[in-house]
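Number of protein chains: 2
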Amino acid sequence: MSTSSPATIEDVARIAQVSIATVSRAIHTPEKVANSTRLKVNQAIAITGYTTNAMARSLRLGRSNMILVVAPDIGDPNFSNILVGLENEARAHGYGILIGHTQNDPQRGLEYLKFLNSNQAAGLILFTGILPFGHQSMTARLPPSVGVFEPVYNGGIPYVGVDDIEGARKAVDLLIAEGHRKIAFIGDSRTRLAYSRRRQGYDAGLDAAGVPAGERIILEGDGTIESGRLALEQLFMRDTLPSAFMCVNDQTAIGVMIGLGARGYDIPTDFSVTGFDDVPQASFMTPALTTIRQPRTAIGKSAMALLFELLSDSEPTDTEILLRPDLIVRNSVSAPSRRFQKR
Amino acid sequence: MSTSSPATIEDVARIAQVSIATVSRAIHTPEKVANSTRLKVNQAIAITGYTTNAMARSLRLGRSNMILVVAPDIGDPNFSNILVGLENEARAHGYGILIGHTQNDPQRGLEYLKFLNSNQAAGLILFTGILPFGHQSMTARLPPSVGVFEPVYNGGIPYVGVDDIEGARKAVDLLIAEGHRKIAFIGDSRTRLAYSRRRQGYDAGLDAAGVPAGERIILEGDGTIESGRLALEQLFMRDTLPSAFMCVNDQTAIGVMIGLGARGYDIPTDFSVTGFDDVPQASFMTPALTTIRQPRTAIGKSAMALLFELLSDSEPTDTEILLRPDLIVRNSVSAPSRRFQKR
DNA sequence: CTGAAAGCGCTAACAT
DNA sequence: ATGTTAGCGCTTTCAG
Chain A
2 MSTSSPATIE DVARIAQVSI ATVSRAIHTP EKVANSTRLK VNQAIAITGY TTNAMARSLR
62 LGRSNMILVV APDIGDPNFS NILVGLENEA RAHGYGILIG HTQNDPQRGL EYLKFLNSNQ
122 AAGLILFTGI LPFGHQSMTA RLPPSVGVFE PVYNGGIPYV GVDDIEGARK AVDLLIAEGH
182 RKIAFIGDSR TRLAYSRRRQ GYDAGLDAAG VPAGERIILE GDGTIESGRL ALEQLFMRDT
242 LPSAFMCVND QTAIGVMIGL GARGYDIPTD FSVTGFDDVP QASFMTPALT TIRQPRTAIG
302 KSAMALLFEL LSDSEPTDTE ILLRPDLIVR NSVSAPSRRF QKR
Chain B
2 MSTSSPATIE DVARIAQVSI ATVSRAIHTP EKVANSTRLK VNQAIAITGY TTNAMARSLR
62 LGRSNMILVV APDIGDPNFS NILVGLENEA RAHGYGILIG HTQNDPQRGL EYLKFLNSNQ
122 AAGLILFTGI LPFGHQSMTA RLPPSVGVFE PVYNGGIPYV GVDDIEGARK AVDLLIAEGH
182 RKIAFIGDSR TRLAYSRRRQ GYDAGLDAAG VPAGERIILE GDGTIESGRL ALEQLFMRDT
242 LPSAFMCVND QTAIGVMIGL GARGYDIPTD FSVTGFDDVP QASFMTPALT TIRQPRTAIG
302 KSAMALLFEL LSDSEPTDTE ILLRPDLIVR NSVSAPSRRF QKR
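Structure (structure tokens):
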């Protein structure tokens, strides 16, 4: 393929008739080089098409200018916009980003750990606890890292996410305001902090509305479309149905909506549904889903900014940054059907 | 963060009481090392938690064991499963993969080119023409590369995709078999080869069915949901409507379905719709979308396998690998409504 | 302002 | 079977 091997700093030096040290300086500290020499060097660079060999540079420096972003699932509709925020901020600092994909496979996680271990990345952005942190010895020498969405491990890794409690609270409050009291929470989970926080918001809202704990319906779920559909089926086997479904995320809500549709119910006439995240699909559903929007680009930007703070200061300024989620009102919520109003 | 700097080969050598060369050999060519020494080395490695510094190794070797995958849009629902195929195959060869994200920004593309230029990746997987190939000098020294979905550039970069013509043909043929003759093709494009090939399949099918070119309705589109919706609006401004919409991909089909739903039409009673790709969402639509499935994992696997062929042989075996797409019949197609049957 | 030279961690001859 | 050593391309003292 390659016609010739890439130009090295030496090629440039030869052509510019200077030493390699001068070339290096001309690139990194141009002010320390005479104007005329700088010119010659630049020309030589142009001629050769030289780019510094990042391997060699990083080996020498002991650090790279790449940030590794490790995510369990690239396909997650929540991921892609965060990435944009992450990327833009990284570029602003002269860093590039690389994406690692674990599919929740610890083995994969380990490989990225090795990658980090050899200084191939200067920092790490972590989505929801994916690293095999059991691995004692390695944990110690993680580069500066920040988590997204949820705190990672017990350790001192700061994170940025959204205020899940507040977001969930906004959703319940809307439902309550519309007149609902029998509101099911779909997608509770003890393993995902974000989910249990949303559950907290739900409880807080019902507490405030004076709905006794006994009237609350809670179903577990892992946040997939399937889990939403499944939870719905379980619910229909019980005798008491809610008038509204508050779902832990949009995927779950979509599952619920599909299930409801399959049973011939109309949303929001028969049942109201809310989601959380505002994934692209939410607005394309019929009816369009009322949900809580995550400021994704902003989350990405903050997370990366925080990482750069860590990279320069040794002092971690904030240990937790929570952004404000917004309620997006669309068409999946209305007053409860007569059936429920009678009670 | 890091308690100490990572262990080097020298640390291991010291502890094992051997030379660094022996350590290197014990790792890479264990059969050339005495059993007893190998044991000592392995213990030392365990103690220190040593991992070879990939930077140094690659610098020395002049190549890395990472494959760069560059995609214009990570969020593309088509992307994520391909990635899985890519990853699995890469791992089987002892390689890791890194994902680059261009957002169709040439500047971004350039950065990845630099990355490649410094041997940070041994090979390249390219999704639909994203590199700034205008850049003369760099083009020449691309590492072994393979494209996915569509051929890249003019050059000799082989690619693997799906037989778009055959796939599209399966979709038209179904529509024809159901009795449709007035079939609109939504999403024609001169810039995307895959799309124009699907158009070819459409034309071939109608030719075979004896539908004159004059009765065909072709609308442009870039494959987004919006483009589908838009095309539909244009169509409703004309006097003749088709009985079926054959969409260039699922996203477009979803846009068409949304538009049709908004106008109060029922699918498939009033209009039939087909897509292409079989993205996850397709099965969740109401009605579930009849579409053409791309064997995504297989595509990923083949692409990576082809890349490794390139990496070893210098002979490029195949220059184009086309996988067979399957028709997935769901509920968005039926016989044309009476309105059309009258003709 | 510029050059010479050491050395980052590793592998692969080349010795022994 | 094992050790010694050159050198991958680069940055950075240290001299001049």
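Going line by line, the protein sequences match chains A and B. The working numbering runs 1 ahead of the 1-based position in the first sequence. The working numbering runs 1 ahead of the 1-based position in the second sequence. Positions of the beta carbon are idealized from the N, C-alpha and C atoms, including for glycine. Values in this document were obtained by computation on a predicted structure and should not be read as measured data.
If you draw a straight line from the alpha carbon of A:N332 to that of B:R331, how long is it in whole angstroms? 27 Å
Roughly how many whole angstroms lie between the Cα atoms of A:D74 and B:P78? 12 Å
Going by DSSP, which residues form a beta bridge with A:E321? A:Y160
On the CB-based measure, 16 or more other CB atoms within 10 Å of its CB, does B:T292 come out buried or exposed? buried
Beta strand (DSSP E) segment containing A:S273, residue limits: 273–275
Comparing alpha-carbon positions, which option in B:L175, B:S338, B:P145 lies nearest B:G202? B:L175
If I measure Cβ to Cβ from B:V13 and keep anything under 7 Å in the same chain, skipping five residues before and after, which residues do I get? V24, V42, A45, I46, T49, Y51
Go to A:T38, then tell me how far its alpha helix (DSSP H) extends in each direction, as first and last residue. 36–49
In the stretch 193–280 of chain B, which residue ranges form an unbroken alpha helix (DSSP H) of at least 4 residues, counting only runs that do not cross its ends? 194–210, 226–237, 251–263
Can you give me the Cβ contacts of B:T225 inside the same chain, cut-off strictly under 8 Å, excluding the 5 residues immediately before and after it? Q252, T253, G256
Residues near B:L40 in its chain [Cβ-Cβ closer than 8 Å; skip 5 each side]: none
Cα-Cα, which of B:I68, B:G301, B:G188, B:L307 is closest to B:I98? B:I68
Which of the three DSSP states is assigned to B:A8 in this structure? coil
Run through chain B and tell me which residues come within less than 7 Å of A:Q121, C-beta to C-beta. A55, M56
Which listed residue (A:A57, A:E310, A:I300) has its alpha carbon closest to that of A:L323: A:I300
Suppose the cutoff is 6 Å on Cβ atoms and the five residues either side in sequence are ignored; what does the same chain contact list for B:A306 look like? E90
For A:A209 and A:I166, the rounded distance between their alpha carbons: 14 Å
Taking only beta-carbon atoms, is B:G224 less than 8 Å away from chain A? no
What are the residues that DSSP puts in a beta bridge with B:I98? B:I68
When every heavy atom of the ligand COA is checked, does at least one fall within less than 7 Å of the C-beta of A:N82? Questions concerning the ligand COA fall outside what the structure shown contains, since it holds no ligand whatsoever.
Three-state secondary structure assigned by DSSP to A:A57: helix
Status (buried if at least 16 other CB within 10 Å, exposed otherwise) for A:T318: exposed
A:G63, buried or exposed, once every other Cβ within 10 Å from all chains shown has been counted against 16: exposed
What span of residues does the alpha helix (DSSP H) with B:V345 cover, start to end? Outside the shown range of chain B (2 to 344) lies residue 345 of chain B, about which nothing can therefore be said.
Simplified DSSP assignment, three categories, for A:D327: strand
Can you find a C-beta in chain B that's less than 8 Å from the C-beta of A:T298? no
Closer than 7 Å, Cβ to Cβ, to anything on chain A: give me those residues from the stretch 56–76 of chain B, in chain order. M56, A57, S59, L60, I75, G76
Is A:L207 closer than 8 Å to A:V249 when the C-beta atoms are compared? no
Please identify, using Cβ separations under 8 Å, the residues of the stretch 164–183 of chain B that lie next to chain A, in order along the chain. none
How big is the Cα-Cα spacing for A:L87 and A:A304? 7 Å
How long is the line joining the alpha carbons of B:S244 and B:L127, rounded to whole angstroms? 38 Å
Helix or strand or just coil, what does DSSP make of A:F80? helix
May I ask which residues mark the beginning and end of the alpha helix (DSSP H) holding A:A178? 165–179
A:I126 by DSSP, collapsed to three states: which one? strand
Cutting at 8 Å between CB atoms, please list the residues of its own chain near B:I219, excluding the five before and the five after it. A185, F186, D189, R200
What does a CB cutoff of less than 6 Å around B:I329 pick up in its chain, not counting 5 residues either side in sequence? D279, T292, R294
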